[in-house]
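Per my numbering, the sequence shown runs over residues 172 to 418. Positions of the beta carbon are idealized from the N, C-alpha and C atoms, including for glycine.
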Amino acid sequence: MDQFISTVKSQTFPIHGFDELTSSIYIPGYYWFENTSRGTSSWAAFMPPEILRCSFYRVLQDFPLLAGRFRNDKNSRGFVDVDGNNLNMPVYTDSDWNTVDFKHLKGSGFDTHLLPENFTDACGIPSASIFGTASAKLGIFHVRRCKDYGGVLVFASIAHAVVDGFGYFAFMNRWAEASRWMHKPCLDELPKRTISHDRAIHDDYISQETDALDEQTLEAAATGNAMTRFLSWLPIDKRNIFYKPVT
């Protein structure tokens with residue numbers, strides 16, 4: 172973590188209107204890893220905590236948005252603010268599940284209903300009360316180790332406003348790549364990847380030719396009314412008043 176904190180720079184990342192609409196949505200994923208090295212010297216060293224943690228913070232250098240906050244400029248346009256002096260670090264924990272048997276989970280088809288009752292509340296997606304607010308964590312990551320070193324569960328949840336599905340899996344694949352490299356380094360440096368968080372790049376590839384909007388879309392999005400103008404003016408961290416927690 173210290174290496175990430177010492178290298179991250181203060182910067183901002185503008186987000187588009189569609190990103191703001193998805194500020195209340197997180198992309199969650201469960202990843203199950205079975206320990207098949209029973210009877211060998213590496214049985215108790217499966218997916219070492221230190222390697223997972225260090226590789227995670229190494230990959231954050233490529234995804235600094237996850238340590239940022241949702242903000243609005245004076246025109247209420249949204250952006251992610253990464254303040255090098257006051258980072259909003261993503262949640263990361265690694266702990267043991269001494270009562271959870273990996274073989275039992277595997278036999279059930281990895282039924283998440285068999286996980287401890289408090290798992291979703293304590294380790295899952297943020298509650299609706301903080302959706303779109305400046306205090307919201309943009310990334311939540313939990314590593315849980317099943318009893319007798321039988322396997323590992325990795326839970327990863329990232330705010331949709333900072334990544335789409337492609338970006339989500341780009342992060343996860345990069346984390347896996349960094350973990351493998353740290354576990355058995357065969358190169359002096361981790362292979363470099365070109366990762367851009369500039370939404371404006373897409374504009375160069377979008378055709379200027381457009382079809383006419385259908386009547387329903389035109390009425391709902393293009394023409395606008397008092398309510399749509401009000402919602403557009405309202406800062407992101409105030410829009411959550413319209414969301415009610417699902418019970």
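TODO: Identify whether His313 lies in helix, strand or coil by the three-state DSSP scheme.
DONE: Under the three-state reduction of DSSP output, His313 falls in the strand class.
Task: Rounded straight-line distance, which links the Cα of Gly321 to that of Ala215 - done: Cα to Cα, Ala215 sits roughly 9 Å from Gly321.
Task: Residue range of the alpha helix (DSSP H) that includes Val230 - done: Note, Val230: alpha helix (DSSP H), Pro220 to Leu231.
Open item on the list: Spatial neighbours of Arg315 within its chain, please: C-beta separation below 6 Å, excluding the five flanking residues on both sides.
Closed with: Trp268 and Leu324.
Open item on the list: Cutting at 8 Å between CB atoms, please list the residues of its own chain near Thr264, excluding the five before and the five after it.
Closed with: Closer than 8 Å at the Cβ level, and outside the excluded window around Thr264, lie Cys294, Phe312, His313 and Val314.
Open item on the list: Rounding to the nearest angstrom, what Cα-Cα distance links Leu236 and Leu309 in this structure?
Closed with: Near 8 Å, if we compare the C-alpha coordinates of Leu309 and Leu236.
- [ ] Report yes if the CB atom of Gly249 is closer than 9 Å to the CB atom of Ala332, and no otherwise.
- [x] Yes, the pair counts as a contact, with Cβ atoms nearer than the cut-off.
Task: Complete beta strand (DSSP E) runs within the region 332 to 365 (minimum length 3 residues, chain order) - done: If we require 3 residues or more, the region 332 to 365 turns out to have no beta strand (DSSP E) run fully inside it.
Open item on the list: Counting C-beta neighbours from all protein chains within 10 Å, is the total for Lys180 16 or more, i.e. buried, or is it exposed?
Closed with: Around the CB of Lys180, fewer than 16 other CB atoms lie within 10 Å, so the residue is classed as exposed.
- [ ] Please state if the CB of Gln232 and the CB of Phe175 are separated by a distance shorter than 9 Å.
- [x] It is a contact, given that the beta carbons lie within the stated cut-off.
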